[in-house]
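K.L.:
Encoded as structure tokens, here's the structure I'll be asking about.
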Amino acid sequence: DGGITQSPKYLFRKEGQNVTLSCEQNLNHDAMYWYRQDPGQGLRLIYYSQIVNDFQKGDIAEGYSVSREKKESFPLTVTSAQKNPTAFYLCASTPGNTYNEQFFGPGTRLTVL
Amino acid sequence: DQQVKQNSPSLSVQEGRISILNCDYTNSMFDYFLWYKKYPAEGPTFLISISSIKDKNEDGRFTVFLNKSAKHLSLHIVPSQPGDSAVYFCAASAHSGGGADGLTFGKGTHLIIQP
């Protein structure tokens, strides 16, 4: 059963701690993405990766880091430099060719206390 | 500055009638547009898309219209059903070099279908 998984669903961290959000896909998609959603806002692009070992900054990359060591995995680290980390984080993937829709995971709600 | 705008935060429609959700964009480089449906605390679900070489795309109850000269697209849902109640996001993409960059989203429109 193919899809995108994000874990955990809910995550709590103390201020000043780094935290890593997991994203795994078994769709054999080349491209993967991280978005952030805040209340009443659309999704904003944090980072994306079109192939393994390569990634690009999105619109709001400051305070975040990513890696793409495997095609299936694209973890996002929220660092202590991110000033307002509490948000709903969504991972997505697409085959990577042009004009394909992005498929989204279920999301992780991060709350920094 | 917002490149994709959904100016109606919410829309209430009676069951069985047509729902029309609107979206405007400012970036002339956008060449692919998508609509997503989202429930609270879940990931968005893809509904329908349209390439800039077309002006209409239809899939069952859902039709998307694109007016490039006005930089405007709309999603029509006919007939509207209770399960359509959700937040709908308009998204756009610019394909440079053949790859897919990230999507630019509007803020969403909360569609409420009333019985």
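Taken in sequence, the protein lines are chains A and B. So for the first sequence, this note's numbering puts the first residue at 1; every next one is plus one. So for the second sequence, this note's numbering puts the first residue at 1001; every next one is plus one. Using N, Cα and C, we set each Cβ at its ideal position, and we do this for glycine too.
Tell me the rounded alpha-carbon separation between Phe12 (chain A) and Ser1069 (chain B).
P.N.:
Numbered from its first residue, the first sequence carries residue 12 (chain A) at position 12. Numbered from its first residue, the second sequence carries residue 1069 (chain B) at position 69. Roughly 47 Å separates the two Cα atoms.
K.L.:
Based on DSSP bridge pairs, tell me the residues matched to Ser1085 (chain B).
P.N.:
Locating residue 1085 (chain B) in the second sequence gives position 85, counting from the first residue. Paired residues: none, contrary to the question.
K.L.:
Can you pull out the residues from the region 1016 to 1040 of chain B whose beta carbon lies closer than 7 Å to at least one beta carbon of chain A?
P.N.:
Those residues of the region 1016 to 1040 of chain B that come within reach of chain A (Cβ to Cβ, closer than 7 Å) are Tyr1032 and Leu1034.
K.L.:
How many angstroms separate the CA atom of His1110 (chain B) from the CA atom of Leu1011 (chain B)?
P.N.:
For the purposes of this step, residue 1110 (chain B) is taken as the residue at position 110 of the second sequence. For the purposes of this step, residue 1011 (chain B) is taken as the residue at position 11 of the second sequence. Spanning the two alpha carbons is a distance of roughly 6 Å.
K.L.:
In chain A, which residues lie less than 8 Å from Lys1107 (chain B) when you measure between Cβ atoms?
P.N.:
Taking the second sequence and counting its residues from 1, the one referred to as residue 1107 (chain B) is at position 107. Within chain A, the residues near Lys1107 (chain B) are Gly40, Gln41 and Gly42.
K.L.:
Could you name the residues of chain B that Pro106 (chain A) contacts, counting a contact when the two beta carbons are closer than 9 Å?
P.N.:
Translated into the one-based positions of the first sequence, residue 106 (chain A) becomes position 106. Neighbours of Pro106 (chain A) on chain B, chain order: Ala1041, Glu1042 and Gly1043.
K.L.:
Between B:Gly1102, B:Val1087 and B:Tyr1088, which has its C-alpha nearest Ala1094 (chain B)'s C-alpha?
P.N.:
In the second sequence, counting from the first residue as 1, residue 1094 (chain B) sits at position 94. Nearest option by C-alpha distance: B:Gly1102.
K.L.:
Taking the beta carbon of Glu101 (chain A) as the centre, do at least 16 other beta carbons fall within 10 Å, making it buried, or is it exposed?
P.N.:
Here residue 101 (chain A) is taken as the residue at index 101 of the first sequence, counted from 1. Glu101 (chain A) is buried by the Cβ-count criterion.
K.L.:
How about Leu1021 (chain B) and Leu1066 (chain B): are their beta carbons less than 7 Å apart?
P.N.:
Sequence index remark: in the second sequence, residue 1021 (chain B) carries index 21 (1-based). Sequence index remark: in the second sequence, residue 1066 (chain B) carries index 66 (1-based). Not a contact, by the Cβ cut-off of 7 Å.
K.L.:
Which bits of chain E does Gly58 (chain A) rub up against, with CB to CB less than 8 Å?
P.N.:
As a matter of chain content, chain E is missing from the structure shown, whose protein chains are A and B.
K.L.:
Find the residues of chain A that neighbour Phe1065 (chain B), judging by a C-beta separation of less than 9 Å, and give them in chain order.
P.N.:
Counting from 1 along the second sequence, the entry for residue 1065 (chain B) is found at position 65. None at all; the shortest Cβ gap to chain A is about 18 Å.
K.L.:
Does any residue of chain A have a CB that is nearer than 7 Å to the CB of Phe1046 (chain B)?
P.N.:
Here residue 1046 (chain B) refers to the residue found at position 46 when the second sequence is read from its first residue. Yes - at least one Cβ of chain A is within 7 Å of the one on Phe1046 (chain B).
K.L.:
Say whether chain A places a C-beta atom closer than 7 Å to the C-beta of Ser1012 (chain B).
P.N.:
For the purposes of this step, residue 1012 (chain B) is taken as residue 12 along the second sequence, with counting starting at 1. Judged by the 7 Å Cβ criterion, Ser1012 (chain B) is not in contact with chain A.
K.L.:
Return the bridge partner residues of His29 (chain A) from the DSSP annotation.
P.N.:
The sequence position of residue 29 (chain A) within the first sequence is 29, counting from 1. Partner(s): none; His29 (chain A) has no beta bridge.
K.L.:
Skipping 5 residues on each side, what residues in its chain have a beta carbon closer than 6 Å to that of Val112 (chain A)?
P.N.:
On the first sequence, residue 112 (chain A) is found 112 positions in, with the first residue counted as 1. Cβ within range, chain order: Arg13, Glu15, Pro85 and Thr86.
K.L.:
Of the residues that make up the region 77 to 90 of chain A, which ones have a beta carbon closer than 7 Å to any beta carbon in chain B?
P.N.:
Against chain B - using a Cβ distance shorter than 7 Å - the residues of the region 77 to 90 of chain A are Leu90.
K.L.:
What is the rounded straight-line gap between the Cα of Ser73 (chain A) and the Cα of Asp30 (chain A)?
P.N.:
Position 73 of the first sequence holds residue 73 (chain A). Position 30 of the first sequence holds residue 30 (chain A). Rounded to the nearest angstrom, the two C-alpha atoms are 10 Å apart.
K.L.:
In angstroms with no decimal places, state the Cα-to-Cα distance between Asn1007 (chain B) and Cys1023 (chain B).
P.N.:
Taking the second sequence and counting its residues from 1, one reaches residue 1007 (chain B) at position 7. Taking the second sequence and counting its residues from 1, one reaches residue 1023 (chain B) at position 23. Distance between the alpha carbons of Asn1007 (chain B) and Cys1023 (chain B) is about 7 Å.
K.L.:
Which complete beta strand (DSSP E) runs does the region 1026 to 1100 of chain B hold, if anything under 3 residues is left out?
P.N.:
Taking only runs of at least 3 residues, the beta strand (DSSP E) segments lying wholly in the region 1026 to 1100 of chain B are 1032 to 1038, 1045 to 1051, 1056 to 1059, 1062 to 1067, 1072 to 1077 and 1086 to 1093.
K.L.:
Tell me, which residues are paired with Asn1022 (chain B) by DSSP?
P.N.:
Locating residue 1022 (chain B) in the second sequence gives position 22, counting from the first residue. Bridge partners of Asn1022 (chain B): B:Ser1074.
K.L.:
Use the C-beta contact count for Pro1044 (chain B): other C-beta atoms within 10 angstroms, 16 or more gives buried, fewer gives exposed.
P.N.:
For the purposes of this step, residue 1044 (chain B) is taken as residue 44 along the second sequence, with counting starting at 1. Its Cβ being crowded by 16 or more others within 10 Å, Pro1044 (chain B) is buried.
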